[in-house]
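Enquirer:
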Amino acid sequence: MIDRLRTLPLRSRLALLVASAVAVAVAAAAGACWVLTRNQLESELDTSLQNTAAPPDAVRDALSNCGAPSNSDNRASFAYIQVVLSDGTRCVASYSEPVTVQSDDTDVARGAESSALHNSTTASGAKVRVFTQRQQIPLRAGGVQAAVSVSRPLAEIDSSLNQLALLLAAVAGVGVIGAGAAGLWVARAGLRPVDDLTRAVEHMARTEDLTVRIPVEGEDEVARLSRSFNSMTAALASSRDRQSQLIADAGHELRTPLTSLRTNIELLARSEETGRAIPPDDRKALMASVKAQMTELASLIGDLQELSRPDAADPGPLQVIALHDTMTSALQRARLRGPDLTIDADLNPWFVRAEPAALERALVNVLDNAVKFSPAGGTIEVALSKSGELTVRDHGPGIPAEELPHVFERFWRSSSARALPGSGLGLSIVARTVQQTGGEVALRHAAGGGTVAVIRIPGAPKPPPDMY
Numbered sequence: 001m002i003d004r005l006r007t008l009p010l011r012s013r014l015a016l017l018v019a020s021a022v023a024v025a026v027a028a029a030a031g032a033c034w035v036l037t038r039n040q041l042e043s044e045l046d047t048s049l050q051n052t053a054a055p056p057d058a059v060r061d062a063l064s065n066c067g068a069p070s071n072s073d074n075r076a077s078f079a080y081i082q083v084v085l086s087d088g089t090r091c092v093a094s095y096s097e098p099v100t101v102q103s104d105d106t107d108v109a110r111g112a113e114s115s116a117l118h119n120s121t122t123a124s125g126a127k128v129r130v131f132t133q134r135q136q137i138p139l140r141a142g143g144v145q146a147a148v149s150v151s152r153p154l155a156e157i158d159s160s161l162n163q164l165a166l167l168l169a170a171v172a173g174v175g176v177i178g179a180g181a182a183g184l185w186v187a188r189a190g191l192r193p194v195d196d197l198t199r200a201v202e203h204m205a206r207t208e209d210l211t212v213r214i215p216v217e218g219e220d221e222v223a224r225l226s227r228s229f230n231s232m233t234a235a236l237a238s239s240r241d242r243q244s245q246l247i248a249d250a251g252h253e254l255r256t257p258l259t260s261l262r263t264n265i266e267l268l269a270r271s272e273e274t275g276r277a278i279p280p281d282d283r284k285a286l287m288a289s290v291k292a293q294m295t296e297l298a299s300l301i302g303d304l305q306e307l308s309r310p311d312a313a314d315p316g317p318l319q320v321i322a323l324h325d326t327m328t329s330a331l332q333r334a335r336l337r338g339p340d341l342t343i344d345a346d347l348n349p350w351f352v353r354a355e356p357a358a359l360e361r362a363l364v365n366v367l368d369n370a371v372k373f374s375p376a377g378g379t380i381e382v383a384l385s386k387s388g389e390l391t392v393r394d395h396g397p398g399i400p401a402e403e404l405p406h407v408f409e410r411f412w413r414s415s416s417a418r419a420l421p422g423s424g425l426g427l428s429i430v431a432r433t434v435q436q437t438g439g440e441v442a443l444r445h446a447a448g449g450g451t452v453a454v455i456r457i458p459g460a461p462k463p464p465p466d467m468y
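Here's what the structure looks like:
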């Protein structure tokens with residue numbers, strides 16, 4: 001049965017579940033209503049019997065009929081009256097149905113009980129409700145004890161209960177059918193956004209069109225699902241666009257060093273083929289250019305490999321490292337690249353949790369930027385405050401205000417830097433590395449000219465006790 005349900009469409013299963021739930025609820029309510037009504041009618045019948053006293057004439061008539069055949073077939077009576085003797089003999093009043101005497105009746109007749117209320121049957125098999133109690137009865141000689149039983153047919157209650165059962169069954173049937181129809185309508189209306197989502201996914205799988213968006217209505221779970229789907233497709237579209245842009249930009253950036261390298265190699269090859277030697281100075285310059293282009297190409301490939309990792313990828317094992325020591329190592333490399341520059345450093349202790357190689361590379365990229373834009377003989381100021389804020393300031397031309405929002409974009413280069421060596425990926429790597437450590441980085445104009453890079457990474461001025 002369960003396997004068969006799983007093969008049904010979702011809306012059919014929902015409609016079936018709604019109809020089943022309503023059927024159970026209606027059946028429970030109808031059953032409770034029927035039971036309460038039956039108990040109420042029986043209670044009223046018992047009260048009526050207890051409040052009904054057998055007329056003395058009827059009792060005398062019953063006693064006079066002891067041993068005589070009953071006249072019950074002459075006409076019906078509202079209540080059946082009979083006298084029950086202690087030995088179980090019954091004396092039936094005229095026009096009354098003889099009722100089967102039970103032990104409760106004889107107990108009352110013997111004086112063991114004052115009254116008894118129970119169900120019984122007539123001689124013809126009809127069900128009756130019997131109330132037996134002791135009364136002062138003018139008995140015949142012999143002193144036999146007796147009690148009087150008053151009975152009412154249960155047919156009057158059964159008839160009402162049967163009619164009620166039919167009515168409740170009809171109402172329940174209509175309710176279940178209506179609930180099934182309403183459940184099917186609700187399922188269709190409620191699952192319409194799911195149908196839209198299904199069609200959108202099928203369209204996307206068929207056409208690879210990531211611009212599909214589903215209209216969002218309301219704040220329910222389906223609306224949340226639609227928003228999540230729209231966010232997912234937007235993220236996929238953005239990722240694909242970034243991937244395409246990265247490939248296009250990488251191709252553009254690779255073309256320049258490759259073209260220059262190819263030209264230089266062709267010159268060397270032509271010299272060998274023709275036997276015409278290149279002047280020593282020109283050959284030296286040519287070889288230096290080839291070496292520089294190869295270095296730039298290797299650096300660009302390394303940057304591309306770094307950026308090829310997804311943003312959510314594991315950056316590597318994080319360690320507690322001394323930021324001031326890592327910055328000192330990066331400064332040594334920066335001084336080699338700008339021997340004519342003065343680099344003033346004021347570094348306070350600061351310990352952070354990061355991947356050592358990636359953080360040092362990011363710091364080197366920041367310093368390289370400062371070296372690249374500093375004028376000959378200029379000064380670069382590096383400071384690591386006691387609160388952990390790292391600043392690197394140069395005294396170069398600065399970056400125009402309209403270009404500052406783009407400095408961390410991949411392959412973006414300012415107009416003043418396009419003539420300088422570089423791939424435009426350095427600051428992108430810096431931003432990515434700092435963000436993976438939970439920090440933040442920004443570039444801003446420096447007072448008096450130049451640019452200052454500000455890096456903040458969460459940490460502490462003292463290492464944890466277990467570091468050493």
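Okay, so the sequence shown: first residue is 1 according to the UniProt record's numbering, each after it adds one.
Glycine included, each C-beta is placed from N, C-alpha and C at the ideal position.
Model, not experiment: these values are computed from the prediction.
(1) Beta-carbon separation of R361 and I455 under 8 Å?
(2) Quick one, are the C-beta atoms of V174 and R152 less than 8 Å apart?
(3) Figure out for me which residue from S114, C91, A235 has the closest Cα to the Cα of D61.
(4) Could you give the C-beta distance for N369 and G426, rounded to a whole number, given that I count them as a contact under 8 Å?
(5) Among the candidates F131, A298, D104, A431, whose CA atom is the shortest distance from the CA of L261?
(6) Apart from the five residues on each side of it in sequence, which residues of its chain come closer than 8 Å, Cβ to Cβ, to G459?
(7) How do the stretch 9–26 and the stretch 179–189 stand: do at least 3 beta-carbon pairs fall below 8 Å, yes or no?
(8) Mind checking which residues open and close the alpha helix (DSSP H) that includes K372?
(9) Measure the Cβ-Cβ separation of V101 and G88 and say whether it is below 8 Å.
(10) Report the three-state DSSP secondary structure of A76 (helix, strand or coil).
(11) Less than 8 Å between the CB atoms is what I'm expecting for S149 and T132, so what's the real figure, rounded?
(12) Compare the beta carbon distance of T451 and L443 with 8 Å and say whether it is the shorter of the two.
(13) Indicate the three-state DSSP secondary structure (helix, strand or coil) for F229 in the structure shown.
(14) Between A235 and T211, is the Cβ-Cβ spacing less than 8 Å?
(15) Say whether the stretch 374–384 touches the stretch 341–350, bearing in mind that this needs 3 or more beta-carbon pairs closer than 8 Å, one atom from each stretch.
(16) From what residue to what residue does the beta strand (DSSP E) around D346 run?
(17) From A22 to D241, what distance separates their C-alpha atoms?
(18) Between L367 and T326, how many whole angstroms is the CB-CB distance? I'm expecting something under 8 Å.
(19) Would you report the Cα separation of N119 and R38, rounded to the nearest angstrom?
(20) Looking at S86: is its Cβ nearer than 8 Å to the Cβ of R110?
(21) Could you compute how far the alpha carbon of T379 sits from the alpha carbon of R337?
(22) A169 and L14: beta carbons closer than 8 Å?
(23) State buried or exposed for T106, treating a residue as buried only when at least 16 other CB atoms are found within 10 Å of its CB.
(24) Could you compute how far the alpha carbon of T295 sits from the alpha carbon of P463?
(25) Does the beta carbon of L261 fall short of 7 Å from some heavy atom of the ligand GTP?
(26) Report the rounded CA-to-CA distance for V222 versus R199, giving the unit in angstroms.
(27) Use the C-beta contact count for E272: other C-beta atoms within 10 angstroms, 16 or more gives buried, fewer gives exposed.
(28) For G377, is the classification buried or exposed, using 16 other Cβ atoms within 10 angstroms of its Cβ as the cut-off for buried?
(29) List the endpoints of the continuous beta strand (DSSP E) containing S115.
Expert: Reading off the structure:
(1) One-based indexing of the sequence shown puts residue 361 at position 361. One-based indexing of the sequence shown puts residue 455 at position 455. Result no, Cβ atoms of R361 and I455 do not sit closer than 8 Å.
(2) On the sequence shown, position 174 is the one that residue 174 refers to. On the sequence shown, position 152 is the one that residue 152 refers to. Contact: no.
(3) The residue given as residue 61 occupies position 61 in the sequence shown. Checking every option, the nearest Cα to that of D61 belongs to C91.
(4) The sequence position of residue 369 within the sequence shown is 369, counting from 1. The sequence position of residue 426 within the sequence shown is 426, counting from 1. Rounded, the Cβ-Cβ distance is 6 Å, consistent with contact.
(5) Within the sequence shown, residue 261 is the residue found at index 261, counting from 1. L261 has its Cα closest to that of A298, out of F131, A298, D104, A431.
(6) Working through the sequence shown from its first residue, we reach residue 459 at position 459. Excluding sequence neighbours, G459 sits near L323, W350, F351, V352, R353, G388.
(7) Touching, yes, given that three or more Cβ pairs across the two stretches are closer than 8 Å.
(8) Here residue 372 corresponds to residue number 372 of the sequence shown, with the count starting at 1. Start and end: 356–373.
(9) Numbered from its first residue, the sequence shown carries residue 101 at position 101. Numbered from its first residue, the sequence shown carries residue 88 at position 88. Their beta carbons are under 8 Å apart, which means V101 touches G88 by this criterion.
(10) Here residue 76 is taken as the residue at index 76 of the sequence shown, counted from 1. Unreliable positioning characterises A76 in this predicted model, as indicated by a pLDDT of 46, which lies under 50. A coordinate reading is not provided.
(11) For the purposes of this step, residue 149 is taken as residue 149 along the sequence shown, with counting starting at 1. For the purposes of this step, residue 132 is taken as residue 132 along the sequence shown, with counting starting at 1. The beta-carbon distance between S149 and T132, rounded to whole angstroms, is 4 Å. This is short enough to meet the 8 Å contact definition.
(12) Against the sequence shown, residue 451 aligns to sequence position 451. Against the sequence shown, residue 443 aligns to sequence position 443. Yes, the Cβ-Cβ distance between T451 and L443 is below 8 Å.
(13) In the sequence shown, residue 229 corresponds to position 229, counting from 1. Taken through DSSP and simplified to helix, strand or coil, F229 comes out as helix.
(14) For the purposes of this step, residue 235 is taken as the residue at position 235 of the sequence shown. For the purposes of this step, residue 211 is taken as the residue at position 211 of the sequence shown. Their beta carbons are not under 8 Å apart, which means A235 does not touch T211 by this criterion.
(15) As far as the Cβ criterion goes, the stretch 374–384 touches the stretch 341–350, which means the pair count is three or higher.
(16) Locating residue 346 in the sequence shown gives position 346, counting from the first residue. That run of the beta strand (DSSP E) goes 342–347.
(17) To locate residue 22, count along the sequence shown from 1; it is residue 22. To locate residue 241, count along the sequence shown from 1; it is residue 241. Residue identity check: residue 22 is Val in the sequence provided, not Ala. In a straight line, the C-alpha of V22 is about 52 Å away from that of D241.
(18) In the sequence shown, counting from the first residue as 1, residue 367 sits at position 367. In the sequence shown, counting from the first residue as 1, residue 326 sits at position 326. About 12 Å; that fails the 8 Å criterion.
(19) What you label residue 119 is simply residue 119 of the sequence shown in a count that begins at 1. What you label residue 38 is simply residue 38 of the sequence shown in a count that begins at 1. Cα to Cα, the separation comes out at about 14 Å.
(20) As a first step, residue 86 must be located in the sequence shown, where it is residue number 86. As a first step, residue 110 must be located in the sequence shown, where it is residue number 110. In contact: S86 and R110 (Cβ atoms closer than 8 Å).
(21) Here residue 379 refers to the residue found at position 379 when the sequence shown is read from its first residue. Here residue 337 refers to the residue found at position 337 when the sequence shown is read from its first residue. Rounded to whole angstroms, T379 to R337 spans 14 Å at the Cα level.
(22) Counting from 1 along the sequence shown, the entry for residue 169 is found at position 169. Counting from 1 along the sequence shown, the entry for residue 14 is found at position 14. No.
(23) Within the sequence shown, numbered from 1, the residue matching residue 106 stands at position 106. Buried, by the Cβ-count rule.
(24) As a working mapping, residue 295 is identified with position 295 in the sequence shown. As a working mapping, residue 463 is identified with position 463 in the sequence shown. The alpha-carbon atoms of T295 and P463 are separated by roughly 38 Å.
(25) In terms of ligand content, the structure shown is empty, and the ligand GTP therefore cannot be addressed.
(26) Against the sequence shown, residue 222 aligns to sequence position 222. Against the sequence shown, residue 199 aligns to sequence position 199. In a straight line, the C-alpha of V222 is about 15 Å away from that of R199.
(27) Position 272 of the sequence shown, counting from 1, holds the residue named residue 272. Counting the other Cβ atoms within 10 Å of the Cβ of E272 gives fewer than 16, which makes it exposed.
(28) Reading the sequence shown from its first residue, position 377 is the one you call residue 377. Exposed, by the Cβ-count rule.
(29) On the sequence shown, residue 115 is found 115 positions in, with the first residue counted as 1. Counting along the chain, the beta strand (DSSP E) containing S115 begins and ends at 115–121.
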